[in-house]
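The structure appears right after this line, and notes come after that.
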């Protein structure tokens with residue numbers, strides 16, 4: 003559904019409790035005004051679902067393209083249950099926008115499949131600064147809220163499915 007018809011900060015059903023979930027948030031420094039607003043939304047949503055500050059780790063990367071490797075570092079070096087990737091790419095005069103958007107989308111997909119870990123895609127891909135601000139706490143809500151909600155829901159799904167698996171003792175993140 004297009005953002006113009008849906009507020010990114012409103013959810014159709016209550017979120018599961020995130021009291022015992024651990025999250026990594028990787029934030030792009032480029033377009034900082036926007037990404038900091040996305041971060042505020044994500045943290046606010048995690049707190050509203052009961053996630054304590056001690057279960058939230060925040061790391062910064064230079065730009066949106068680096069979110070993929072930042073997410074992989076969380077998967078590889080920490081014990082988080084999910085990663086929330088937050089960035090903003092604004093269309094410019096060159097094809098750079100297309101390459102960054104395609105790269106980060108494919109990269110995050112690959113990382114989450116390889117590590118069997120939810121990675122929420124909180125990346126704005128917009129035509130201008132105003133569209134970004136509208137989706138980072140403005141008139142269309144906050145994509146950070148939506149990304150955090152998706153991460154919580156996916157961790158809950160993964161935990162439920164792991165508990166129902168024939169061999170629940172098996173570590174669901176064993177990739178080697």
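In the working numbering, the protein residues as written are 3 to 178.
Backbone N, C-alpha and C define an ideal beta-carbon position, used for all residues, glycine too.
From a predicted model like this one, the values you see are computed outputs, not experimental measurements.
Local conformation of residue i per DSSP, three classes
| i | result |
| --- | --- |
| residue 82 | coil |
| residue 96 | coil |
| residue 12 | coil |
| residue 109 | helix |
| residue 59 | strand |
| residue 65 | coil |
| residue 103 | helix |
| residue 135 | helix |
Residue i versus the options, residue with shortest Cα-Cα distance
| i | options | result |
| --- | --- | --- |
| residue 115 | 25, 73, 168, 88 | 73 |
| residue 84 | 11, 75, 62, 130 | 75 |
| residue 153 | 129, 16, 119 | 119 |
| residue 108 | 71, 128, 31, 36 | 71 |
| residue 33 | 43, 103, 91, 51 | 91 |
Residues of its chain near residue i, where Cβ-Cβ distance is below 7 Å and the 5 sequence neighbours each way are ignored
| i | result |
| --- | --- |
| residue 58 | 25, 27, 45, 48 |
| residue 40 | 88, 124, 138, 144, 145, 146 |
Chain-order list of residues whose beta-carbon lies under 6 Å from that of residue i (same chain, five-residue window excluded)
| i | result |
| --- | --- |
| residue 9 | 143 |
| residue 60 | 27 |
Unbroken beta strand (DSSP E) run spanning residue i, endpoints
| i | result |
| --- | --- |
| residue 41 | Unbroken run through residue 41 is the alpha helix (DSSP H), 34–50; no beta strand (DSSP E). |
| residue 122 | 121–128 |
| residue 30 | 25–30 |
Bridge partner(s) assigned by DSSP for residue i
| i | result |
| --- | --- |
| residue 72 | Partner(s): none; residue 72 has no beta bridge. |
| residue 144 | 138 |
Limits of the alpha helix (DSSP H) - the one that residue i falls within
| i | result |
| --- | --- |
| residue 118 | Looking at the DSSP string, residue 118 is not in any alpha helix (DSSP H), and its letter there is neither H nor E. |
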